[in-house]
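All remarks here apply to the structure that follows.
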Amino acid sequence: MTTQIIDSVLEEAKKQDAKKVIEVHLIIGKMTFLGIEQVRFAYNILVEDTIMKGSKLIIEEQDGTIECPSCGYKGSLQFEDDPAYHVPIPTLRCPKCGKAAKIVEGNECTIRSIRMLK
Amino acid sequence: MANTKEVVNGEEVTLEIEPGMDILEVNKQLAQKNMKLLRKHNVKAIDIMGSIGAGKTSLIEKLVQALKQKYSIAVFKGDLTTTIDADRIGRHGVQVLTINTGRECHLDANVVARAVERISLEDIDLLFIENVGNLICPAEFPLGTEKRVVVVSVTEGPYMVIKHPFTFMTADVMVINKKDLAEIMKIDTEQLKKQVKDINPDVKVAVTNALSGEGVEELIKALEL
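Protein chains in written order, with my numbering: chain A, 18 to 135; chain B, 97 to 321.
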C-alpha cells in the first residue's frame, strides 16, 4: 500500500516537473486495515532513493461514519465498549433502530495534498 | 483535476497540489468492473476468506460436490505457492485456476480480473474464489463478488470474531467450521454467533463440519444458491 502511495506521489511530482517533494499529506480512514506506524515506517524506507527523500509525512485519520438504509440515521460508527476487549469493538448496528448500517466514511486512503519544489 | 498553488520565494517555487486521489479506490473501481462483467455473463461469484487451516478448501470441495449438478462451476484458488489445494478441488471435475501470489497475503481485484480473462464466462454460472489464508488483509480488498464468506473454525479459539471485527463487517456469511470439535475445544458456537451479530447484524451464519458435509446445506441456503 505504501509503495502505491509513493508511486502515485512520484507520478504527480513528475507531471509537475518537481525537483523535490517536501510534504505529503494523507488521509487514512479508521475503517481501513492500514497501520499508521507501519505506513510511516515503510514510507521512510521507500522514499530513500527518490526525490521524496526527507519529505514530511502528515497522516490525518478519518473517523468511521455509517448510514442506516432502514431508518436513515447518519452518524459516527458505534462501539461496544467492553473494558475486557481493551480496544472498543466497532459495530455496524444502527444506534437508532438496531438494524445493519453501511459504512460511508472511513474506508479511504487519500492523498490530500503534496508540496513540492519546482 | 488537482488544485495547484504556487508560492514564489526568492528563486524557489513551492507547488502545492491537491490530487485528492484515493489509493484504495483503484481496487474498488476494479472490483466494480469485475462485478459488472460477471453479472453480464450471469456468473455469481463468491469470495471465501478465512485463516490458514480454517477449512476453506474442504468447504469448497463439499460445495462443489453438492452444487455441480445444478451449476456449471469454476474455482479460483489463491495461494502463495503450490497447486496442492487446486488439485484437491480439481478432482471433483470442475475448472480450477490457481492464483499464486508469491508473497502477497491476499487477492485483489486486479489479479482476479486477470484470472477472469483466462476462463470462459459463457461456460460457467458460479465462481468460487478462495482467498489466501489470512483473516485480515483480504477484507481490505473487495474482488467484485456477489457475496463474501468468512470461515472460522472452532480450533482457532473463542476470540476470532472480536479480535477481527473489521473483517466480519465486510462479510455476508460467516461459517463456523469443525463443529464436531467444538465440545473438545470448549467452544460455544452460539457465543460466536452472538458476537458476529453484534458487529454485523445482517450477517448469516452456518455451522459446519466440512469433512462430513454436515451443515453444508445450511451454508448453501445462506448463500442463496
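Cβ atoms here follow ideal geometry from the backbone N, Cα and C, with glycine treated the same way.
Proximity winner among the options, relative to residue i (alpha-carbon distances)
i      : options                           : result
A35/A  : E114/B, L319/B, V109/B and R199/B : V109/B
T19/A  : G46/A, I53/A and T82/A            : I53/A
I76/A  : G92/A, K70/A and F58/A            : F58/A
L120/B : V41/A, E40/A, V38/A and I45/A     : I45/A
D118/B : M133/A, K31/A, L134/A and G123/A  : G123/A
A235/B : N123/B, V104/B and E102/B         : N123/B
L231/B : A211/B, T266/B, E218/B and G198/B : T266/B
C201/B : G229/B, K129/B, L321/B and D276/B : G229/B
C88/A  : D98/A, Q79/A, K47/A and A118/A    : A118/A
V245/B : I195/B, P254/B, Q287/B and T153/B : T153/B
Q125/B : T241/B, F172/B, E102/B and G198/B : T241/B
V292/B : E279/B, G309/B and V271/B         : V271/B
E314/B : K166/B, R187/B and A302/B         : A302/B
G189/B : K290/B, S168/B and V208/B         : S168/B
Residues that residue i contacts on chain B, provided the C-beta gap is smaller than 8 Å
i      : result
E84/A  : Within 8 Å Cβ-Cβ: nothing; E84/A doesn't reach chain B, min ~14 Å.
I76/A  : Ordered by position in chain B, no residue passes the 8 Å Cβ test against I76/A, which lies about 13 Å from the chain.
G115/A : P297
K31/A  : Here the premise fails: no neighbours, minimum Cβ distance about 12 Å.
Q79/A  : Neighbours of Q79/A on chain B: none; closest Cβ ~11 Å, over 8 Å.
Closer than 9 Å at the beta carbon, the chain A residues around residue i
i      : result
A235/B : F50
M265/B : M48, P107, T108, L109 and I120
Start and end residues, alpha helix (DSSP H) containing residue i
i      : result
T285/B : T285 to I295
A30/A  : T19 to K32
R110/A : Unbroken run through R110/A: none, as it is neither H nor E.
D98/A  : No alpha helix (DSSP H) holds D98/A; DSSP gives it neither H nor E.
L315/B : V312 to A318
R135/B : I119 to K136
Cutoff 6 Å; reference residue i; Cβ partners in own chain excluding five residues on either side
i      : result
A170/B : Q191, I215, I220 and L223
F96/A  : P105 and P107
P238/B : A127
R129/A : H42 and I44
K300/B : V269 and A318
S249/B : A150, G151, N273 and K274
L109/A : A117 and A118
L201/A : Nothing about residue 201/A can be read from this structure; chain A reaches only from 18 to 135.
Extent of the continuous beta strand (DSSP E) run through residue i
i      : result
S249/B : K243 to S249
A302/B : K300 to V303
M270/B : V269 to N273
P261/B : Premise fails: P261/B lies in the alpha helix (DSSP H), P261 to M265, not in any beta strand (DSSP E).
E122/A : K119 to E122
Q191/B : Q191 to N196
L222/B : L222 to E226
L43/A  : K37 to G46
E50/A  : Position check: residue 50/A holds Phe in this sequence, whereas Glu was assumed. Premise fails: F50/A is in no beta strand (DSSP E) and is neither H nor E.
Q79/A  : K73 to Q79
Distance, residue j Cα to residue i Cα
i      : j      : result
V257/B : L51/A  : 19 Å
M281/B : L43/A  : 44 Å
I113/B : D268/B : 39 Å
T127/A : D66/A  : 23 Å
M145/B : T263/B : 9 Å
N61/A  : E213/B : 37 Å
C140/A : P86/A  : Residue 140/A falls outside the range modelled here, since chain A spans only 18 to 135, and no answer is possible.
M97/B  : P115/B : Note that M97/B scores a pLDDT of 47, beneath 50, so its modelled location is shaky; the value from the coordinates is reported in the next line. Looking at the two C-alpha atoms, the distance is approximately 7 Å.
Q33/A  : V104/B : 15 Å
D80/A  : K259/B : 20 Å
L193/B : G115/A : 41 Å
T49/B  : Q287/B : Limits of chain B in this structure are 97 at one end and 321 at the other, which puts residue 49/B out of reach.
D294/B : V247/B : 17 Å
A211/B : K101/B : 43 Å
K164/B : I22/A  : 43 Å
K73/A  : K47/A  : 21 Å
Contact set for residue i: own chain, Cβ-Cβ below 7 Å, skip 5 residues either direction
i      : result
V312/B : K158, L159, A162 and T304
D24/A  : none
T251/B : K274, L277 and M281
D7/A   : An answer regarding residue 7/A cannot be provided, because it is not within the stretch 18 to 135 covered by chain A.
N227/B : D143, I144, M145, G174, H202, L203 and P234
L307/B : S154
Cβ-heavy atom distance, residue i to the ligand FMN, below 6 Å
i     : result
G92/A : For the ligand FMN, the structure offers nothing, since it holds no ligand at all.
Within chain B, the residues that residue i reaches when beta carbons sit closer than 9 Å
i     : result
M69/A : Those do not exist, as M69/A stays about 14 Å from chain B at its closest Cβ, beyond 9 Å.
N61/A : Within chain B, no residue comes near N61/A; the closest Cβ sits about 18 Å away, beyond 9 Å.
R57/A : By Cβ distance, chain B contributes nothing, its closest Cβ being about 15 Å from R57/A, past 9 Å.
Neighbourhood of residue i by C-beta distance below 8 Å, restricted to the same chain and skipping five residues each side
i      : result
V121/A : T82, I83, E84 and K91
I131/A : V26, E29, A30, V38, E40, V41 and H42
K49/A  : Per the sequence shown, the amino acid found at residue 49/A is Thr instead of Lys. So the list reads G123, N124, E125 and C126, once near-sequence residues are dropped.
Within chain B, the residues that residue i reaches when beta carbons sit closer than 7 Å
i     : result
A35/A : L111
S25/A : M117 and I119
E54/A : Per Cβ cutoff of 7 Å: no residues; E54/A is ~16 Å from chain B at best.
Beta-carbon neighbours of residue i, restricted to chain A and to distances below 8 Å
i      : result
G116/B : T127, I128 and R129
D294/B : E97, I106, T108 and R110
Under 7 Å by beta carbon: chain A residues contacting residue i
i      : result
P254/B : What P254/B touches in chain A: nothing, since even the nearest Cβ is about 12 Å away.
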